[in-house]
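Numbering (this note's numbering), first residue to last: 619 to 1125. Input: a single structure, listed below in structure tokens.
Encoded structure:
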């Protein structure tokens, strides 16, 4: 290793440590565990028991599915920890922190090592990225796969390396595997080819075959599933694309602008007014630098990355984080480029701006991260594993070893998957037995607790868990609680975090 590479590594190491520290603040107390997480653990348990899967969890429309690979990625962590979700959370936090190395490699061919170091630092302290690291679900993996995609494009376009194309297509396939919405990157990839076609290395038959294989490898489970199911999903795609009720609606520009503003606030300036001012400054500087031509190609690359990642908002008004995973990294890189340029003019001002960005992100991290992922990632704020475990401890201790029934107001409504897993894993491990589920439980969802709908056959000891009610229609919540009042009397109540436990007895 030459002296320059050693120096770079020595500079990246403290940035990586900083990234780890920020992502592990409040661990394990801020580990979120809701329906999606419980559903996935049940799937992992099936795989570990020998029931291999080729289809991942359903998307919001219920027709398409995400890739299955992340089940297999999570499996070793659940196996080694005995089913503890905090083990998988450790992996995701470390994985996200490692993105500082990838973003460094992406930026070097564009703007050099100094800008790459600034980019690594901005990624390390990014509030948005710390939020992705807390997201115990498949889109968190897409941050890294999207970086791999753009790393490949960076090497292909700016270093003229054919292996860059292979890396890009592998990253593209991985991104689709981890988050189906990332199929939008296919359009982005085509845009890159059209814009940079005159400067790209020529492809021969061998390179075309290799490129195709690199893409097909990570998406092969999709292909196997489609063949097995007579291409059911592919047959439904045209209808899903052209029947989007909110696509192109008058409000469609709102999430587009909202998302851009959120990028600035979550990465550069927490204050909305300051974020808007920075947006205007960045737009002016972007136009000026493109006009000067010196960095036109590199900035075109970033513009395609940034605005290409927003293509999905032509088809949806959903403003969830995972609809454009990795898009804001282009903003981080542009910020790093500007800081690198300023560094050669005024070092004091450069470090002052870096300090302000750091303070802004720390403010958001310390304000929001103790409660886990924010509401745009997981709708139920503060549904944390530590509180769920305290709820279970409270119930078992109050039951004093006697058989009891439990019911819950859940999101999704009447789905007991979350609490079924928690009682099967944590409850049985620590107390030796599990309760009866004393209420309705929707069919078709994972969970092994015995369900008893007849109130007369339930044990005398009964408990009702009330989850945070974000995402639960108020009329359903009201009807559920009214139904409970008809059959039971509340003799005690305990509030734990954002959860409530009612101690009940039959009327």
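Here a beta-carbon is modelled for each residue, glycine too, at the ideal position from N, C-alpha and C.
Give the DSSP-derived three-state secondary structure of residue 828 in the structure shown. Counting from 1 along the chain shown, the entry for residue 828 is found at position 210. Under the three-state reduction of DSSP, residue 828 is assigned to helix.
What's the call for residue 984, buried or exposed, on a 16-neighbour Cβ count within 10 Å? Residue 984 sits at position 366 when you count from the first residue of the chain shown. Counting the other Cβ atoms within 10 Å of the Cβ of residue 984 gives fewer than 16, which makes it exposed.
DSSP state of residue 913 mapped onto helix, strand, coil: Taking the first residue of the chain shown as position 1, residue 913 is located at position 295. In this structure, DSSP gives residue 913 a state outside helix and strand, which the three-state scheme calls coil.
What would DSSP say about residue 753, mapped onto helix, strand or coil? Here residue 753 is taken as the residue at index 135 of the chain shown, counted from 1. For residue 753, the three-state secondary structure derived from DSSP is coil.
Given a cut-off of 9 Å, decide if residue 745 and residue 889 are closer than it, judged by their beta-carbon atoms. Position 271 of the chain shown holds residue 889. Position 127 of the chain shown holds residue 745. With contacts defined by Cβ atoms closer than 9 Å, residue 889 and residue 745 do not form a contacting pair.
Beta strand (DSSP E) segment containing residue 1108, residue limits: Taking the chain shown and counting its residues from 1, one reaches residue 1108 at position 490. Its beta strand (DSSP E) spans residues 1106 to 1114.
Buried or exposed: residue 756, going by 16 or more other Cβ atoms within 10 Å of its Cβ? Translated into the one-based positions of the chain shown, residue 756 becomes position 138. So residue 756 ends up on the buried side.
Segment limits, alpha helix (DSSP H) that includes residue 613: No answer is possible for residue 613: it lies beyond the span of the chain, which begins at 619 and ends at 1125.
Could you tell me if residue 805 is buried or exposed, where buried requires 16 or more neighbouring beta carbons within 10 angstroms of its beta carbon? In the chain shown, the residue the question calls residue 805 occupies position 187. Flag for residue 805 reads exposed.
Best match in 743, 1064, 1111 and 933 for proximity to residue 1009 [C-alpha to C-alpha]: The residue you call residue 1009 lines up with position 391 of the chain shown. Ranking 743, 1064, 1111 and 933 by Cα distance to residue 1009 puts 1111 first.
DSSP state of residue 1087, grouped into three classes? Translated into positions along the chain shown, residue 1087 becomes position 469. DSSP places residue 1087 in coil when its eight states are reduced to three.
Which class does residue 974 belong to by DSSP, given the choice of helix, strand or coil? Translated into positions along the chain shown, residue 974 becomes position 356. Residue 974 falls in the helix class under three-state DSSP.
Here's a check: name, in chain order, each residue in its chain whose Cβ is nearer than 7 Å to the Cβ of residue 778, leaving out the five neighbours to either side. As a first step, residue 778 must be located in the chain shown, where it is residue number 160. Hits under 7 Å: 819.
Between the alpha carbons of residue 1117 and residue 956, how many angstroms are there, rounded? Along the chain shown, read from residue 1 onward, the residue named residue 1117 stands at position 499. Along the chain shown, read from residue 1 onward, the residue named residue 956 stands at position 338. Roughly 46 Å separates the two Cα atoms.
Which partner residues of residue 1026 appear in the DSSP bridge assignment? Position 408 of the chain shown, counting from 1, holds the residue named residue 1026. 1083.
Are the Cβ atoms of residue 693 and residue 1039 separated by less than 9 Å? On the chain shown, residue 693 is found 75 positions in, with the first residue counted as 1. On the chain shown, residue 1039 is found 421 positions in, with the first residue counted as 1. Cβ distance not < 9 Å, so residue 693 and residue 1039 don't count as in contact.
Does the beta-carbon of residue 891 have 16 or more other beta-carbons within 10 angstroms, so that it is buried, or is it exposed? The sequence position of residue 891 within the chain shown is 273, counting from 1. Exposed, since its Cβ has fewer than 16 Cβ neighbours within 10 Å.
Closer than 8 Å is the cut-off here; do at least three beta carbon pairs connect the stretch 754 to 768 with the stretch 940 to 947? Pairwise C-beta distances place the stretch 754 to 768 in contact with the stretch 940 to 947, as three or more of them are shorter than 8 Å.
Span of the alpha helix (DSSP H) around residue 1118: Translated into positions along the chain shown, residue 1118 becomes position 500. Counting along the chain, residue 1118 falls outside any alpha helix (DSSP H), though it belongs to the beta strand (DSSP E) covering 1117 to 1124.
If you check the beta carbons only, do residue 1041 and residue 1024 fall under 9 Å apart? As a first step, residue 1041 is located in the chain shown; it is residue number 423 there, counting from the start. As a first step, residue 1024 is located in the chain shown; it is residue number 406 there, counting from the start. With contacts defined as CB atoms closer than 9 Å, residue 1041 and residue 1024 qualify as a contacting pair.
What is the residue span of the alpha helix (DSSP H) that residue 1060 lies within? The count along the chain shown starts at 1 and reaches residue 1060 at position 442. It is not in any alpha helix (DSSP H) - residue 1060 carries neither H nor E in the DSSP assignment.
Is the shortest distance between the beta-carbon of residue 644 and the beta-carbons of chain B less than 9 Å? The displayed structure is made up of one protein chain only, and chain B is not part of it.
Just list the alpha helix (DSSP H) runs in the stretch 995 to 1053, keeping only unbroken ones of 4 residues or longer that don't cross its boundaries, in chain order. Annotation: the stretch 995 to 1053 contains the following complete segments of the alpha helix (DSSP H) (minimum length 4 residues), in chain order: 1003 to 1017, 1035 to 1040 and 1046 to 1049.
What are the uninterrupted segments assigned as alpha helix (DSSP H) that are 4 or more residues long and contained completely in the stretch 697 to 767, given in chain order? Taking only runs of at least 4 residues, the alpha helix (DSSP H) segments lying wholly in the stretch 697 to 767 are 703 to 715, 717 to 729, 731 to 743 and 745 to 752.
From this set, 695, 711, 720 and 661, which residue's C-alpha is nearest residue 948's C-alpha? If you number the chain shown from 1, residue 948 lands on position 330. Out of 695, 711, 720 and 661, the CA that lies nearest to the CA of residue 948 is found in 720.
Terminal residues of the alpha helix (DSSP H) in which residue 811 lies: Locating residue 811 in the chain shown gives position 193, counting from the first residue. Counting along the chain, the alpha helix (DSSP H) containing residue 811 begins and ends at 802 to 814.
Which residues in the same chain have their Cβ closer than 6 Å to the Cβ of residue 1007, if we skip the five residues on either side of it in sequence? In the chain shown, the residue the question calls residue 1007 occupies position 389. So the qualifying residues of the chain are 1044.
Which same chain residues end up closer than 7 Å to residue 1188 when comparing Cβ atoms and leaving out the 5 residues on each side of it in sequence? The structure shown does not extend to residue 1188, since the chain is modelled only from 619 through 1125, so no value can be given for it.
Since residue 960 contacts residue 877 with CB under 8 Å, what's their CB separation in whole angstroms? Here residue 960 is taken as the residue at index 342 of the chain shown, counted from 1. Here residue 877 is taken as the residue at index 259 of the chain shown, counted from 1. Taking C-beta atoms under 8 Å as the contact rule, residue 960 and residue 877 fail to qualify, at a distance of about 27 Å.
If contacts are defined as beta-carbon pairs under 8 Å, then residue 703 and residue 631 qualify, I think. What distance do you get, rounded to the angstrom? Within the chain shown, numbered from 1, the residue matching residue 703 stands at position 85. Within the chain shown, numbered from 1, the residue matching residue 631 stands at position 13. Rounded to whole angstroms, the Cβ separation of residue 703 and residue 631 is 29 Å, and the two are not in contact under 8 Å.
Can you find the residues in the same chain that come closer than 7 Å, C-beta to C-beta, to residue 1048, ignoring five residues on each side of it along the sequence? What you label residue 1048 is simply residue 430 of the chain shown in a count that begins at 1. Counting only Cβ-Cβ distances below 7 Å, and skipping sequence neighbours, we find nothing.
Output the residue ranges of the alpha helix (DSSP H) runs that lie fully inside the stretch 890 to 939 and measure 4 residues or longer, sorted by chain position. The qualifying runs are 890 to 910 and 914 to 926.
Let me check one thing: in DSSP terms, what residues is residue 684 bridge-paired to? What you label residue 684 is simply residue 66 of the chain shown in a count that begins at 1. Answer by DSSP bridge pairing: none, since residue 684 is not bridged.
Per DSSP, residue 1069 forms a beta bridge with which residues? Taking the chain shown and counting its residues from 1, the one referred to as residue 1069 is at position 451. The partner list for residue 1069 (beta bridge, DSSP) reads 1055.
Can at least three beta-carbon pairs, one atom from the stretch 1100 to 1107 and one from the stretch 985 to 998, be found at a separation below 8 Å? No: the two stretches stay apart, fewer than three of their Cβ pairs being nearer than 8 Å.
Which of helix, strand or coil does DSSP assign to residue 676? The count along the chain shown starts at 1 and reaches residue 676 at position 58. Looking at residue 676 - three-state DSSP - the assignment turns out to be strand.
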